[in-house]
Every structure is written in C-alpha cells, then in structure tokens.
Amino acid sequence: PVSRVDRQLRSGRFAERFGARAPVYLAAVLQWVTRETVGAAGEISKKSKQRRISPSHLQAAVRKSALLKRLLRGGVPRRGGRAVPRSQRAASRPKKETTESKKRCPRQ
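Using the UniProt record's numbering, the letters of the sequence shown correspond one by one to residues 1 to 108.
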C-alpha cells in the first residue's frame with residue numbers, strides 16, 4: 001500500500017524531502033517486481049507439478065529472467081532456502097544424556 005511505503009520513506013531518512021508521487025511510484029514498482037517474480041515462480045512450480053511456490057522456485061525465476069536477474073543481482077540467496085535434510089539435522093544436534101548414563105558416570 002502507498003501509505004505504508006510513504007511511512008517507510010519518511011522513517012528511513014533516505015532524503016530530506018521527496019515528492020508526493022514518490023511513494024505511489026515506488027509502490028507501483030514494488031508491485032510490478034513482485035508480480036513478475038511470483039508469476040514466473042508459479043509457472044516453474046506448475047511445470048514441476050507442485051502446488052506451492054518454494055524458495056527454490058523464486059530463485060529459478062530470478063535466474064531465468066534477464067531483467068529480474070539484473071535488477072536483483074546479488075539479492076537472491078544462493079541456497080534457495082532449502083531445508084536441511086533430517087539426517088544432517090540429527091547429526092548436528094547434541095546428544096542428550098539418559099538417566100542411566102548419568103548414574104554410571106557422575107559429574108565432577
């Protein structure tokens with residue numbers, strides 16, 4: 001919404017002054033970028049027969065579009081927001097001591 005963009009511009013101290021149409025223009029640009037990115041990611045998710053758009057779909061959409069790639073250069077995470085597989089999560093988690101191990105080996 002334009003009012004939110006206006007508030008963010010004023011609180012961000014980007015410039016001392018800006019025109020009344022600046023938040024309107026910026027809101028339109030943000031809406032266009034969002035529409036292009038989500039639309040392209042939706043097409044990619046349809047091709048892969050999935051119902052939800054994942055972060056990897058968004059990343060692929062930006063990579064495919066020359067305009068979005070140039071606009072968002074360096075702004076898209078490389079990993080694509082993929083979750084860590086369960087086996088790696090379990091391996092990185094510290095093991096809990098059982099009550100038997102506490103009885104056998106008291107802390108000093």
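We treat Cβ as the ideally placed atom computed from N, Cα and C, and that holds for glycine.
Inset, instruction - Might you give, ordered along the chain, the residues of its own chain that have their beta carbon closer than 7 Å to the beta carbon of Gly42, omitting 5 neighbours on each side? - result: Ile53
Inset, instruction - In angstroms with no decimal places, state the Cα-to-Cα distance between Arg17 and Leu9. - result: 10 Å
Inset, instruction - May I have a chain-ordered list of the beta strand (DSSP E) segments no shorter than 3 residues that lie completely inside the UniProt domain "Core Histone H2A/H2B/H3" (1-64)? - result: List check, beta strand (DSSP E) in window: nothing returned.
Inset, instruction - Could you spell out where the alpha helix (DSSP H) holding Leu72 opens and where it closes? - result: Counting along the chain, Leu72 falls outside any alpha helix (DSSP H), and DSSP gives it neither H nor E.
Legend entry - Classification of Val2 by the beta-carbon crowding that lies within 10 angstroms, buried from 16 upward: exposed
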